[in-house]
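Numbering (my numbering), first residue to last: 237 to 739.
Just below is one structure, and these are the notes that go with it.
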Amino acid sequence: MVLFASDRNPELIRRLRENDVDVEIRDTSSSGALAWLATNSLLALILIFGLLMLLRRSAAGAGNAMNFGRSKARFQMEAKTGVVFDDVAGIEEAKEELQEVVSFLKNPEKFTAIGARIPKGVLLIGQPGTGKTLLAKAISGEAGVPFFSISGSEFVEMFVGVGASRVRDLFRKAKENAPCIVFIDEIDAVGRQRGAGIGGGNDEREQTLNQLLTEMDGFEGNSGIIVIAATNRVDVLDTALLRPGRFDRQVVVDLPTFKGRLSNSGSPRPQQKRLPPEVSLEAVARRTPGFSGAELANLLNEAAILTARRRKEAMTMQEVEDAIDRITIGLSLTPLLDSSRKRMTAYHEVGHALLTTLLKHSDELNKVTIIPRSGGIEGFTQSLPNEDIIDSGLYTRNWLIDRITVALGGLAAEAEVFGDDETSTGASGDIQQVTNLARQMVTLYGMSDLGPVALESMDNQVFLGRNLMPRSEVSEEMASKIDAKVRENCPHLSGPRSPGAAR
């Protein structure tokens, strides 16, 4: 029998020997040392592994700190944007302006030989969805030069100086790859007026803007770099950013006109949409005044979804018409049951439809329905706007007066059939529209006896810090005259009607 030193017991050994049991006693000091060494070695290895993980994390954090001020611009060495000018339809005027930029990039010697200077910046101005970003991609695709793209909001961080560092890094990379295009989308996020607004300016944004101004036109030139920026808020940009030498050209990307919508055919790339011959593009263009290119693309996409939902093999004009109604008016709901509410809605819409048909200067009647729509619309009367008037934005006084009369036709029909005491609140939207239009005729368009004087401003940008407190632009006497002239243009504001008066 073997006993270890740790188990040594004199009484046990004595009794074993009395019974003639062979006993061997061994020392355990060596095995205990080995166990202690193994245990402590394992703890040491765990500690070293933890330290290595901490060092690796701190090194990664240091690397991120070093990269914090680097530009986040997306870079394409070859202009593989997949877009050329042929893919952009409906904005031909803007395309012609930008063709010269492509010529500068392709053959700059042709212009510099006669002393022409390559423009440093092009500012694309237009409403959302008009195709500003698409145009920038088309310029790069046509010129075949490297293309940097970044959003204005990616320059601004919570730490002061980071945005300026990113601007420097962006232009350093652009100079290494010149000639190239730098596209800054939504530049108003970083280019707003300095020192404006309630509570002072933003130090980080202002420092970023200062660095951008220096890079575009400072002591050091940046030949071969064309900066293309896009915004829909040119009114808030800093004046130093808009001057020649920084943004030499300002290209307005307007909403497509009737011809533009017709050539656009609802998509920046119409070949991607397989439209059957029975879908009249002219009818679609007439029904969509004021639509941008993005809205036209969304329109045909909605029509395609409706076609698939109805299990049809090809899109028809009915799906396009329903898609237009869904986008402009709302989703159709369950038709009303036969009730007084339905009868009042019907007479209200008949009033609009009759005046639209009878008045000489009103638009052509297209559709009348009393099927309710989402958003609380019980019914609507739709007309086809005159594209010459809508696209040009030039409204005649006769057209405005007829528009006011048509808008009041629903209320007049309700009063004629049900009586003045039974008219409903369904005409509230019409009355608001008429009141605003009549006031604009007096205060903005000069269509009254008060003369061609602008008596009110179009808008006041309070956040710019220019007019923090509202103030009256006319005297009390003139305000009374304005109210009187507005009432002349709005029959519903002229007081109670006499018996037998025309509705």
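Built from N, CA and C at the ideal position, the CB exists for glycine as well.
Assigned exposure category for residue i - 16 Cβ within 10 Å defines buried
{"i": "asparagine 276", "result": "exposed"}
{"i": "alanine 466", "result": "buried"}
{"i": "leucine 573", "result": "exposed"}
{"i": "phenylalanine 304", "result": "Because phenylalanine 304 sits at a pLDDT of 45, beneath the cut-off of 50, its placement in the model cannot be relied upon, and the following sentence gives the value as read from the coordinates. Phenylalanine 304 is exposed by the Cβ-count criterion."}
{"i": "valine 678", "result": "buried"}
{"i": "glutamate 555", "result": "buried"}
{"i": "phenylalanine 285", "result": "exposed"}
{"i": "alanine 280", "result": "exposed"}
{"i": "serine 693", "result": "exposed"}
{"i": "glutamine 508", "result": "Because the pLDDT at glutamine 508 is just 44, under 50, the model does not fix this residue reliably, and the value given afterwards should be weighed accordingly. Answer is exposed; the Cβ neighbour count stays below 16."}
{"i": "alanine 301", "result": "Low confidence applies to alanine 301: its pLDDT is 43, below 50, so where it sits in the model is not reliable enough to give any reading."}
{"i": "glutamate 440", "result": "buried"}
{"i": "proline 480", "result": "exposed"}
{"i": "glycine 731", "result": "Low local confidence applies: a pLDDT of 46 at glycine 731 is under 50, so the model's placement there is unreliable, and no value is given."}
{"i": "glycine 335", "result": "First, the amino acid is wrong: residue 335 is glutamine here, not glycine. When all chains shown are included, glutamine 335 counts as exposed."}
{"i": "proline 382", "result": "buried"}
{"i": "threonine 524", "result": "buried"}
{"i": "valine 338", "result": "buried"}
Short Cβ contact (9 Å threshold) for residue i with residue j
{"i": "leucine 448", "j": "valine 472", "result": "no"}
{"i": "serine 389", "j": "glutamate 442", "result": "no"}
{"i": "alanine 325", "j": "glycine 529", "result": "yes"}
{"i": "leucine 644", "j": "alanine 663", "result": "yes"}
{"i": "isoleucine 461", "j": "isoleucine 420", "result": "no"}
{"i": "leucine 478", "j": "isoleucine 417", "result": "no"}
{"i": "leucine 370", "j": "glutamine 486", "result": "no"}
{"i": "leucine 535", "j": "isoleucine 563", "result": "yes"}
{"i": "arginine 428", "j": "aspartate 474", "result": "yes"}
{"i": "leucine 620", "j": "aspartate 599", "result": "yes"}
{"i": "phenylalanine 391", "j": "threonine 444", "result": "yes"}
{"i": "leucine 601", "j": "threonine 617", "result": "yes"}
{"i": "arginine 546", "j": "valine 520", "result": "no"}
{"i": "phenylalanine 483", "j": "tyrosine 583", "result": "no"}
Beta strand (DSSP E) segment containing residue i, residue limits
{"i": "glutamine 676", "result": "Here glutamine 676 belongs to no beta strand (DSSP E); instead the alpha helix (DSSP H) covers 664 to 679."}
{"i": "isoleucine 327", "result": "Looking at the DSSP string, isoleucine 327 is not in any beta strand (DSSP E), and its letter there is neither H nor E."}
{"i": "isoleucine 613", "result": "Isoleucine 613 -> no beta strand (DSSP E), and no H or E assigned at all."}
{"i": "cysteine 357", "result": "For the sequence presented, residue 357 should be read as glycine rather than cysteine. Element bounds for glycine 357: 357 to 361."}
{"i": "serine 228", "result": "Not covered by the structure: residue 228. The range shown for the chain is 237 to 739."}
Helix, strand or coil at residue i [DSSP, three-state]
{"i": "leucine 595", "result": "coil"}
{"i": "valine 604", "result": "strand"}
{"i": "arginine 430", "result": "coil"}
{"i": "threonine 467", "result": "strand"}
{"i": "arginine 485", "result": "strand"}
{"i": "phenylalanine 741", "result": "Residue coverage of the chain in this structure runs from 237 to 739, which leaves residue 741 outside it and unanswerable."}
{"i": "leucine 573", "result": "coil"}
{"i": "valine 337", "result": "helix"}
{"i": "aspartate 421", "result": "strand"}
{"i": "valine 282", "result": "It is worth fixing the name first, because residue 282 is isoleucine in this sequence and not valine. Note: isoleucine 282 maps to helix in three-state DSSP."}
{"i": "arginine 461", "result": "First, the residue type needs correcting, since residue 461 is isoleucine and not arginine in the sequence shown. Residue state, collapsed to three classes: strand."}
{"i": "serine 528", "result": "coil"}
{"i": "leucine 630", "result": "coil"}
{"i": "leucine 252", "result": "helix"}
Integer-rounded CB distance, given that residue j should sit under 8 Å from residue i
{"i": "glycine 367", "j": "valine 489", "result": "6 Å"}
{"i": "threonine 659", "j": "glutamate 614", "result": "Their Cβ separation, rounded to whole angstroms, is 14 Å, which puts threonine 659 and glutamate 614 out of contact at 8 Å."}
{"i": "glycine 777", "j": "glutamate 585", "result": "Outside the displayed span of the chain (237 to 739) sits residue 777, for which this structure offers no information."}
{"i": "alanine 674", "j": "asparagine 725", "result": "4 Å"}
{"i": "leucine 491", "j": "glutamine 363", "result": "6 Å"}
{"i": "arginine 204", "j": "serine 568", "result": "With the chain covering 237 to 739 only, the question about residue 204 has no answer from this structure."}
{"i": "isoleucine 361", "j": "valine 470", "result": "5 Å"}
{"i": "threonine 552", "j": "glutamate 514", "result": "6 Å"}
Residue interval of the alpha helix (DSSP H) (run including residue i)
{"i": "phenylalanine 407", "result": "398 to 412"}
{"i": "leucine 644", "result": "633 to 654"}
{"i": "aspartate 258", "result": "That residue, aspartate 258, is in no alpha helix (DSSP H); it is neither H nor E in DSSP."}
{"i": "aspartate 439", "result": "439 to 452"}
{"i": "serine 376", "result": "368 to 379"}
{"i": "glutamate 692", "result": "No alpha helix (DSSP H) holds glutamate 692; DSSP gives it neither H nor E."}
{"i": "serine 716", "result": "712 to 725"}
Any non-hydrogen atom of the ligand FAD closer than 8 Å to residue i Cβ
{"i": "leucine 290", "result": "Among the components modelled here there is no ligand, and therefore nothing to report on the ligand FAD."}
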